[in-house]
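Contents: one structure, followed by commentary.
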């Protein structure tokens, strides 16, 4: 009797591994949407010391900190984790946050940082970004930082832009939420412009960023490695459209092979109070006034 060799069943794709430290009921409720069971195997540690013991024994693809601890404790455990597993991606979740703690998390190479409660979709997207990028540690390089004045270099790739936008949002804690959202969106649009058009999405290039916070305003300066431009010479941007033809730029973007969009400068101008380009066009400064009695300069 002939014996047929049946093909072996397809091997299921190995699930990624996550370590979640002492989650509260609210975090546990988020996890099925953030770390989908079909894709992730989750281990739990009941405190930071247990987490360190588990990380000594084996690596994890991602670590989520305990929201029960302070931001300071989270930064300290991050430092210890990275001394054991230097390239571990850790996302800090905390209910106790300050701009200084967000800076320290960035300095210690946290992958991201969220003050809770946060958007489940936002956290899920950050986990996706973390898993999509093998090399990430050198994406954000702090040159000098205080809660009032930060200088850093950011690598010219999309993942770094998304990570840095989240850090900036947390560093503006204490500012009215609507102002924070508007500033964060304007910052991301201008950063993407610098990374795409100045840095050409070249991960070997970096943009320089300065962040300045006063009692009455927040200012950000972004300088890219490109040769610059003049506003009148960028037909691929919506800012160049005639008032009676608001979509002209889309045809130019298609011809040039650019991603859909082109509304960044126009949008940023509406979201912040001042948007100023340098003479060469490869540096931009945006200012958001926090004192609502302070009108835009004319």
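In my numbering, the protein residues as written are 4 to 301. For every residue, glycine included, the Cβ atom is placed at its ideal position computed from N, Cα and C.
Which of helix, strand or coil DSSP assigns to residue i
{"i": "residue 168", "result": "helix"}
{"i": "residue 286", "result": "strand"}
{"i": "residue 278", "result": "strand"}
{"i": "residue 18", "result": "coil"}
{"i": "residue 241", "result": "Annotation note: pLDDT 47 at residue 241 (below 50); position unreliable, coordinate value reported separately. It is helical."}
{"i": "residue 225", "result": "strand"}
Residue i, buried or exposed, once every other Cβ within 10 Å from all chains shown has been counted against 16
{"i": "residue 177", "result": "exposed"}
{"i": "residue 28", "result": "exposed"}
{"i": "residue 48", "result": "buried"}
{"i": "residue 90", "result": "exposed"}
{"i": "residue 131", "result": "exposed"}
{"i": "residue 227", "result": "buried"}
{"i": "residue 3", "result": "Given a span of 4 to 301 for the chain in the structure shown, any question on residue 3 remains unanswerable."}
{"i": "residue 133", "result": "buried"}
{"i": "residue 105", "result": "buried"}
{"i": "residue 100", "result": "buried"}
Rounded C-alpha distance that separates residue i from residue j
{"i": "residue 30", "j": "residue 283", "result": "48 Å"}
{"i": "residue 87", "j": "residue 58", "result": "7 Å"}
{"i": "residue 107", "j": "residue 85", "result": "14 Å"}
{"i": "residue 243", "j": "residue 270", "result": "Only weak support exists for where residue 243 lies, its pLDDT of 46 falling under 50; the coordinates are left without a value."}
{"i": "residue 195", "j": "residue 161", "result": "7 Å"}
{"i": "residue 174", "j": "residue 109", "result": "10 Å"}
{"i": "residue 279", "j": "residue 116", "result": "29 Å"}
{"i": "residue 45", "j": "residue 292", "result": "44 Å"}
{"i": "residue 219", "j": "residue 294", "result": "5 Å"}
{"i": "residue 55", "j": "residue 114", "result": "18 Å"}
{"i": "residue 151", "j": "residue 222", "result": "10 Å"}
{"i": "residue 119", "j": "residue 17", "result": "30 Å"}
{"i": "residue 19", "j": "residue 42", "result": "6 Å"}
Between the stretch 120-131 and the stretch 144-158, do three or more beta carbon pairs fall short of 8 Å? no
For the stretch 188-205 against the stretch 133-140, do three or more pairs of beta-carbon atoms, one drawn from each stretch, fall closer than 8 Å, so that the two count as touching? No: the two stretches stay apart, fewer than three of their Cβ pairs being nearer than 8 Å.
Counting pairs of beta carbons, one from the stretch 63-78 and one from the stretch 17-27, are three or more of them closer than 8 Å? yes
Could you tell me which whole beta strand (DSSP E) segments of length 3 or greater appear in the stretch 103-163? 115-118, 143-148 and 152-158
Pick out the complete alpha helix (DSSP H) segments inside the stretch 24-103, 4 residues or longer, and give them in chain order. The qualifying runs are 28-37, 51-60 and 74-87.
Which runs of the beta strand (DSSP E) spanning at least 3 residues fall entirely within the stretch 183-218, listed in chain order? 209-216
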